[in-house]
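Asks: To convert, take the position in the sequence shown, counting from 1, and add 868; that gives our numbering.
Take this structure, written in structure tokens, and hold onto it; I'll ask about it next.
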Amino acid sequence: MNNCYECGEKLGLKKDNEGTEVQYCESCGAFRYPIFNTAMSTAIVNKSKDKVILIKQYGKDDYILVAGYVNKGESVEQTVAREVKEELRLDIINCEYMRSEYFEKSNTLMLNFISVVEDEDLSKISDEVDKATWFSFDDARKNIKKGSLAEKFLIKILEKLESAK
Ligand SMILES: [Zn+2]
């Protein structure tokens, strides 16, 4: 970001209250912190933590994780619960933060979670989802979209869940 997103002036640098140099607009008299999108993706596991849901969406043939953008005013935990409910009609009984990665292509910070659901019924999924399937951890590794951020997140999650057994 070289210019102010409000007035278009060229931005300078100024120390904020924390003593950190931050981009600053002289004409607005305001700090201009970086702007990016925030989203979450989540692996959804059953209560005994030996199966995971992967989904197909947008007419594509790859299996991915449930994901969605964080709405303004929402906590990311609320986003996780809302998206799982909207897409799969399932209620989360627990949700745990795992890790994050910045995704340059869509200027998005992606926060990754493990969600646990009580009900395993996938017969009521929404039209937004083409297909939702329970996989064993080994089959999930084989079926997740290769080379994707979802694959990176999923591998870490499955390792963590397996090492806890
Ligand atoms: Zn400005």
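Here a beta-carbon is modelled for each residue, glycine too, at the ideal position from N, C-alpha and C.
Just so it is clear, the structure is predicted and the values come from calculations on it, not from any experiment.
1. Counting only runs that start and end within the segment 872-940, where is the beta strand (DSSP E) found for 3 or more residues in a row?
2. For ligand 1, is there a heavy atom less than 7 Å away from the beta-carbon of E1027?
3. Could you check the C-alpha separation between K883 and M869 for me, to the nearest Å?
4. Determine whether the beta carbon atoms of L979 and S968 lie at a separation below 8 Å.
5. Which stretch, first to last residue, makes up the beta strand (DSSP E) that contains I982?
6. Using DSSP with H/G/I as helix, E/B as strand and the rest coil, what is I1025?
7. Give me whichever residues DSSP pairs with F1003 in a beta bridge.
8. If I'm right that I923 touches M966 with Cβ under 8 Å, what's the distance once you round it to whole angstroms?
9. Since A1018 and I921 are thought to touch, with beta carbons under 8 Å apart, how far apart are those beta carbons, to the nearest angstrom?
10. Does the Cβ of S991 lie closer than 7 Å to at least one heavy atom of ligand 1?
11. Where P1037 and T976 are concerned, what is the direct C-alpha to C-alpha distance, given to the nearest angstrom?
12. Would you say the beta carbon of S943 comes nearer than 7 Å to a heavy atom of ligand 3?
13. Under 8 Å between the Cβ atoms of V938 and T906?
14. Just the C-alpha distance for N914 and T947, rounded to the nearest angstrom, thanks.
15. Using beta carbons (cut-off 8 Å, strictly below), is I912 in contact with chain C?
Replies: On the basis of the coordinates in this document:
1. Runs of beta strand (DSSP E) with 3 or more residues, each lying fully within the segment 872-940, are found at 880-883, 889-893, 905-913, 919-925 and 934-937, listed in chain order.
2. Position 159 of the sequence shown holds residue 1027. Flag unset: Cβ of E1027 not near ligand 1.
3. Here residue 883 refers to the residue found at position 15 when the sequence shown is read from its first residue. Here residue 869 refers to the residue found at position 1 when the sequence shown is read from its first residue. Those two C-alpha atoms are separated by around 17 Å.
4. If you number the sequence shown from 1, residue 979 lands on position 111. If you number the sequence shown from 1, residue 968 lands on position 100. With respect to S968, L979 sits close: the two C-beta atoms are nearer than 8 Å.
5. Counted from its first residue, the sequence shown places residue 982 at position 114. T976 to V985 is the extent of the beta strand (DSSP E) around I982.
6. By 1-based counting over the sequence shown, the position of residue 1025 is 157. Correct three-state label for I1025: helix.
7. In the sequence shown, residue 1003 corresponds to position 135, counting from 1. Bridge partners of F1003: V920.
8. Position 55 of the sequence shown holds residue 923. Position 98 of the sequence shown holds residue 966. Incorrect: roughly 18 Å between the Cβ atoms, too far for contact.
9. Indexing the sequence shown from 1 puts residue 1018 at position 150. Indexing the sequence shown from 1 puts residue 921 at position 53. Not a contact, Cβ separation roughly 12 Å.
10. In the sequence shown, residue 991 corresponds to position 123, counting from 1. Not one heavy atom of ligand 1 falls within 7 Å of the beta-carbon of S991.
11. The chain is shown from 869 up to 1033; residue 1037 falls before or after that span and cannot be answered.
12. No copy of ligand 3 occurs in the structure displayed; its ligands are ligand 1 alone.
13. Sequence index remark: in the sequence shown, residue 938 carries index 70 (1-based). Sequence index remark: in the sequence shown, residue 906 carries index 38 (1-based). Cβ atoms of V938 and T906: closer than 8 Å.
14. In the sequence shown, counting from the first residue as 1, residue 914 sits at position 46. In the sequence shown, counting from the first residue as 1, residue 947 sits at position 79. The alpha-carbon of N914 is positioned some 19 Å away from that of T947.
15. This model lacks chain C altogether, as it is built from one protein chain only.
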